[in-house]
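Report on the following structure.
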Amino acid sequence: MSEHSVFSSDSSQAVNSPLSKSRRLLIVGAVIVVVVALVAVVKTSGGVGGSRSGTIASNLGENSRLAAGGDHVCTIRSDSTVWCWGGNTRGELGVENTYLISLDVDSLLTVPTPVQVSPSQLSDVRSLAAGLDHTCALLNDGRVKCWGHNAYGQTNPSTAGNFSQGPSFVTVPWYNNPQVPLENVKAIAAGYNHTCALLNDGRVKCWGNNNKGQLGQGTLSLPTQVLLVSSTETYSLENVTAISAGGDHTCALLSDTSVKCWGDGEFGALGNGELEDSSLPVSVQKSLTDESNLVDVASLAVGPVHACILNTSGKASCWGSNVWGQLGNNPLAGTTAFSLKKAPVEVDSDDEFSNIATSTFTTCAILKSTKAVQCWGKNNYGQVGDGTSINRQQPVNVSGDGNYNVELALGIDLFSCSLASTEAIRCWGHNNKGQLGDGTKSGRNAAGFVIFP
C-alpha cells in the first residue's frame, strides 16, 4: 500500500490483521504494551482549572484537554484549536492526507510534530478521548465527533467498516430521521475499539466492539447503533458521574461513590474478585478480603489489564494485572510477587494524588502537594520517566517534568504525557511514531517538551 494511500475500506482486513492478533498476544506475553490512553475521570467538574491543592482533578471526560491513544496524542489548546501528533495509520490524527502533504511531512503514517485539526471540521471542543487508533471530541453543545479506525463502529456504528480521516458526528436513529447526532453528552471515554458517552441524565451509552461485553449490553453481539449500558437484563445503568474505558472493558463511578465495571475480566481488571468477563456491570469490591462495595471513590483510571482509583483523600488503590508492578504495591516485598489482584490493593505510598492514569503495564499520578508526576511499573522504554530503564514497583519521580501538572495521558506504545497549567505538554518513553511530539522519533527516559509549530 502506498504511503499516500494508507486508508483502506476493507474492514475484514483491519479486524483480522496479524497486527490486531499480535497485540492481544503481546499483552498476555508482556512483550510489547498495547494500551489505550486511559486517563482518570472524576465525579467533580474541576477540569484543568480545578486542579487545586486538596481537590481531585478531572482529566478525562467533562474537561479533558489531553488524550493519548495507541501511538498518537491530541490536545485542546487555549484558543480552542485541536492539535494531534504521532501515528496516523488509520486517520486517528483527524487531518486529510492532502493537508499533511502540503506540510511536507516525511510520512503520512508518522507525524512527529503537532498538526492542527481543521477548524472547519472541528471547533468548540470541550474534551477529548483516544482509543487504539481512533479519537473522539466532545463539543460544548453536548454532541460528539469521532475520527479514525471504524472497523467495529467505534467512531460511528451506522458507518462501521470505513476509515474517517476527518471528524464526523456520532449518530443515532431518531423517529423518521435515518440518523441524527448523539446529544446531551457530558463526558466521553474510549477503549481499544469501543467508545462510551456519559449523558447528562446519568446514564451511559456505548458503541463499537463488544467481543468481551465492554458495551454493557448483557450480550456479546456487535451492535449497529449506539446503545444504553444496562444494569440488569431489563434496566439501564443510572446515577453515573464519571466513566473510564480501557482495552476491552469499561468502568463507571456512581453518585454513591461506588464503582461498577464490565467487559474483559481475564486479569481481574473488573475488581469484583473474579477472573471472568461480564457483559453487565459488576461492583468493584473493597479488598481481597472484604467483598462489600468499594466506596469513597473520587477518581478512576482504567487500563487494558488493570485499573486504579483515588479516594476522596487522594490515596491510590489499584487492581488487576501486576506483571510489571503497575499496581504500585511493592510486590517484591511480599510472597506473591507480581501476582494479579482481583480486588483493590493500596499503592505503596504515603503521598496523596490529585490525578491518576494507567496504561497496560505502567501507572502515573500527579502529587497533590507539588503537582509533580510520579510513575511506576514497566520501564523498558523509559515510560516511567525517571531517567532509567529500570522497572519500578513503587512510585518514583519523573525527571524533568516540573510542577504545575493538571492532566496525564498514557499511551499504547509505552509512552506517557503530562499537561501543565501553563499549557506546556511534556512526554517521555517510546517514540517510534513520533508520539512524543518533539519532531523526532527518538525515545527518551525523562520528560521533554512537545514542540508546537
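Using my numbering, you'd call the opening residue of the sequence shown number 31 and step up by one each time. Beta carbons are placed, not taken as given, at the ideal position from N, Cα and C, and that holds for glycine.
- Taking C-beta separations shorter than 6 Å and ignoring five residues to either side along the sequence, the partners of Ala450 in its chain run Tyr434 and Asn435, following chain order.
- Within its own chain, the residues whose Cβ lies closer than 6 Å to the Cβ of Asp326, once the five positions on either side in sequence are excluded, are Thr287, Asn341 and Thr342, listed in chain order.
- The region 307–393 is shown to contain whole beta strand (DSSP E) runs of 3 or more residues at 308–313, 327–332, 336–341, 346–350, 371–376 and 383–388, in chain order.
- Cβ neighbours of Glu306 within its own chain (closer than 6 Å, five residues either side excluded): Gly295.
- In this structure, Thr201 lies away from Gln195, with their beta-carbon atoms at least 8 Å apart.
- Inter-residue distance for Gly355 and Ser132 is about 45 Å (C-alpha atoms, whole angstroms).
- Per the C-alpha coordinates, the member of Thr390, Asp154, Glu213 and Lys345 positioned closest to Asp109 is Asp154.
- A contact is defined here as three or more CB-CB pairs under 8 Å, and the region 152–169 fails this definition with respect to the region 126–140.
- Out of Ala275, Asn240, Asn385 and Cys114, the CA that lies nearest to the CA of Thr254 is found in Asn240.
- For Phe297, the number of other beta carbons within 10 angstroms of its own is at least 16, and it is reported as buried.
- For the options Asn410, Trp113 and Tyr222, the alpha carbon positioned closest to that of Gly100 is the one of Tyr222.
- Here the alpha carbons of Cys348 and Ala217 stand approximately 23 Å from one another.
- Under the 10 Å beta carbon count, Tyr182 is surrounded by 16 or more other beta carbons and is classified as buried.
- Taking the C-beta atoms as reference points, Asn352 is found nearer than 8 Å to Lys371.
- Nearest Cα to Thr271 within the set Ser308, Leu440 and Ala328: Ala328.
- In the DSSP assignment, Ile273 falls within the unbroken beta strand (DSSP E) covering Val270 to Gly276.
- Here Glu122 is buried. Its C-beta has 16 or more other C-beta atoms within 10 Å.
- By the criterion of a C-beta distance shorter than 6 Å, Asn170 is surrounded in its chain by Asp154 and Arg156, once the five residues flanking it on both sides are discounted.
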